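Before any comments, here is the structure.
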Amino acid sequence: MKNPLSGKTIGNISRRHLLGTALAIGVVRPGWAAEPEKPKTLVVNSSGGVVNRALRKAFFTEFERRYGIRVIDTSPADTAKLRAMVASGNVEWDVTEIAGQDGVLVERLGLLEPLDHSIIDLSRFPENLKKNKFLFPRSVYSTVLGYRKEAFKQGHPVGWAEFWDVKKFPGRRSLRNHPVDNLEFALLADGVPADKLYPLDLDRAFRKLDEIRPHINVWWSAGAQPAQLLVDGEVDLASGWSGRFYDLVMKDAPIGIEWAGGAVKESDFAIPKGAKHPYWSQKFLAVMAEAERQAIYTNELGYPGLNLDLVKFVEPKVVPLLITNPVNLAKQFFNDLTWWADNQAVALDRWNKWMLKG
Numbered sequence: 006m007k008n009p010l011s012g013k014t015i016g017n018i019s020r021r022h023l024l025g026t027a028l029a030i031g032v033v034r035p036g037w038a039a040e041p042e043k044p045k046t047l048v049v050n051s052s053g054g055v056v057n058r059a060l061r062k063a064f065f066t067e068f069e070r071r072y073g074i075r076v077i078d079t080s081p082a083d084t085a086k087l088r089a090m091v092a093s094g095n096v097e098w099d100v101t102e103i104a105g106q107d108g109v110l111v112e113r114l115g116l117l118e119p120l121d122h123s124i125i126d127l128s129r130f131p132e133n134l135k136k137n138k139f140l141f142p143r144s145v146y147s148t149v150l151g152y153r154k155e156a157f158k159q160g161h162p163v164g165w166a167e168f169w170d171v172k173k174f175p176g177r178r179s180l181r182n183h184p185v186d187n188l189e190f191a192l193l194a195d196g197v198p199a200d201k202l203y204p205l206d207l208d209r210a211f212r213k214l215d216e217i218r219p220h221i222n223v224w225w226s227a228g229a230q231p232a233q234l235l236v237d238g239e240v241d242l243a244s245g246w247s248g249r250f251y252d253l254v255m256k257d258a259p260i261g262i263e264w265a266g267g268a269v270k271e272s273d274f275a276i277p278k279g280a281k282h283p284y285w286s287q288k289f290l291a292v293m294a295e296a297e298r299q300a301i302y303t304n305e306l307g308y309p310g311l312n313l314d315l316v317k318f319v320e321p322k323v324v325p326l327l328i329t330n331p332v333n334l335a336k337q338f339f340n341d342l343t344w345w346a347d348n349q350a351v352a353l354d355r356w357n358k359w360m361l362k363g
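Take 6 as the starting number for the sequence shown in my numbering and just add one per residue.
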């Protein structure tokens, strides 16, 4: 996947803030004969949990205040359900979250309405994202290594090779029950450089996974699990989404985040094809594009938005824990989402068979 930051980092982005962008209330593109009547509600689907809490604080409340339309939130983000809705013509969502390689898939399948760039201002986004046709680039997220501080007073594992080193770093471990990221982590642990990961060597990755499998105590499936497993002392090391760890770190939980080998992905929002209120869906995404609103989301959850003016509004205490902090970003890699879109079915089938081997 091409780095969505397009060479930009917190340390070198512009500080200019365009206060007037994305506030174009009443602006109607040529394709809209007139501003459509306001619906009473707008349904926004997301991954739920702490993500939904942050979305409401940063975007839902402001959209409701600005337009008088109540936002109804649903979860989880579900590509299969999106496909079924579009196929049936009964589309329940006005906007939905689409993460990682699923964005490539749903765009290919024609499941989305195009973005209206006369409403959604992407002018202060990285160059390679400004002309996105269907996917609104909400943020980036990363799968990283979390650890329990009490278990590693003399130093925690740095990177996946040390996660695999059970003699040097004994302790209970947890990984996600899914091939995405785990295949990359296995190859990194086996010495493959981050810039040489793709195309993934499945045989080599599964051989390396065979080594760590006896030492995995919990295969997690829900995003909230790994951080809670660490806090509860059920495991000492766990892969997990950085925002879930961030949420507890900011509450002074005794856990830490190791960025080395983190797997970074773009997280998008989009309008399902056949959505009932497409104009107001565009207006909602326009609110999501604003730097000040994105900063509220980032402060709440640690997933940085991609408006380049974001840093101007982020709380200083948050910056060391941002995926896009130059120090952190340099240690991570970007998943190749196109490779995953092309190969996910094969990789998932092999993963499921591998898990069944017991």
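The beta carbon of each residue, even a glycine, is placed where N, CA and C say it ideally should be.
Because the structure is a prediction, the values reported are computed rather than measured.
- For Leu234, same chain residues with a beta-carbon under 8 Å away, outside a window of 5 residues either side, are Ser179, Val223, Trp225, Val240 and Ala243 in chain order.
- The residue among Asp347, Arg249 and Pro219 with its C-alpha nearest the C-alpha of Pro231 is Arg249.
- Assignment of beta-bridge partners to Gly151 by DSSP yields Ala243 and Ile262.
- DSSP places Trp285 in the helix class (H, G or I) of the three-state scheme.
- DSSP lists Phe274 as the bridge partner or partners of Phe141.
- Rounded to the nearest whole angstrom, the CA to CA distance from Asp354 to Pro41 is 45 Å.
- In this structure, the straight-line span from the alpha carbon of Tyr203 to that of Gly164 is close to 19 Å.
- A distance below 8 Å separates the beta carbons of Ser286 and Ala280.
- In the three-state reduction of the DSSP assignment, Thr329 falls in the coil class, being assigned neither a helical nor a strand state.
- In the DSSP assignment, Ser123 is bridged to no other residue.
- In the same chain as Leu140, and ignoring 5 residues on each side of it, the C-beta atoms closer than 6 Å to its own belong to Gly108, Asp273 and Ala275, in chain order.
- Looking at the backbone, the Cα of Thr101 and that of Asp83 are separated by about 9 Å.
- Rounded to the nearest whole angstrom, the CA to CA distance from Asn333 to Phe339 is 13 Å.
- In the same chain as Lys336, and ignoring 5 residues on each side of it, the C-beta atoms closer than 6 Å to its own belong to Trp264 and Ala265, in chain order.
- Going by beta carbons, Arg298 and Ala63 fall inside the 8 Å limit.
- If you compare the alpha carbons of Leu188, Lys201, Ala229 and Glu216 with that of Ala210, the shortest gap goes to Leu188.
- Fully enclosed alpha helix (DSSP H) runs of no fewer than 4 residues occupy 331 to 334 of the stretch 304 to 348, in order along the chain.
- Pro131 and Pro283 have their C-alpha atoms spaced approximately 25 Å apart.
- Counting of Cβ neighbours within 10 angstroms places Pro175 among the exposed residues, the total staying below 16.
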